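Novice: Pasting a structure below so you can have a look.
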């Protein structure tokens, strides 16, 4: 009986720690900074805290990979992040990239998704505005 109780307590504790860590997780742009004036191709560097980075196909619920949405906002939690010219997938677990953009003002949304490209939601995204010369 004591072993079952201890086992249940350990599993519950492990689950709570995982949930707490996930709740504090965040993604962010290291480069460029919000409001920056840049040239194309735009060099972007992705930041991640509180979760692991893994390539597409990885089934670990505490890991994922980056997506950049050009001139679009975050994707609702659980929805698959679209694949098109405005939705760039970094399924090899890349942490930086060069993105070609036409001159003008643009928003970039860094969206974290799981191994199946399902969004972790707005809480795991950041949107910045940049100006391309």
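In the working numbering, the protein residues as written are 1148 to 1280. Ideal placement from N, C-alpha and C gives every residue a C-beta, glycine not left out. Bear in mind that the values here come from a model prediction, so they are computed numbers and not experimental data.
Could you give the first and the last residue of the continuous beta strand (DSSP E) run that contains residue 1211?
Specialist: Per DSSP, residue 1211 belongs to the beta strand (DSSP E) from 1210 to 1217.
Novice: What does residue 1200 pair with, by DSSP beta-bridge criteria?
Specialist: 1211, per the DSSP bridge assignment.
Novice: If you draw a straight line from the alpha carbon of residue 1215 to that of residue 1235, how long is it in whole angstroms?
Specialist: Using only the alpha carbons, I get a separation of about 5 Å.
Novice: Give me, in chain order, the residues of the same chain whose beta-carbon lies closer than 7 Å to that of residue 1178; leave out the 5 immediate sequence neighbours on both sides.
Specialist: Contacts found: 1190, 1191, 1192.
Novice: Between which residues of its own chain and residue 1181 is the CB-CB distance below 7 Å, once the five residues before and five after are set aside?
Specialist: Result list for residue 1181: 1275, 1276, in chain order.
Novice: Once you ignore the five residues that flank residue 1259 on each side, which residues in its own chain have a CB closer than 6 Å to its CB?
Specialist: Closer than 6 Å at Cβ, skipping near neighbours: 1174, 1211, 1267, 1271.
Novice: Can residue 1256 and residue 1221 be called in contact, C-beta distance under 8 Å?
Specialist: Yes, the Cβ-Cβ distance between residue 1256 and residue 1221 is below 8 Å.
Novice: Using the three-state DSSP reduction, which class does residue 1178 fall into: helix, strand or coil?
Specialist: Note: residue 1178 maps to strand in three-state DSSP.
Novice: Report yes if the CB atom of residue 1209 is closer than 8 Å to the CB atom of residue 1198, and no otherwise.
Specialist: Yes, the pair counts as a contact, with Cβ atoms nearer than the cut-off.
Novice: Beta strand (DSSP E) containing residue 1237: first to last residue?
Specialist: Its beta strand (DSSP E) spans residues 1234 to 1237.
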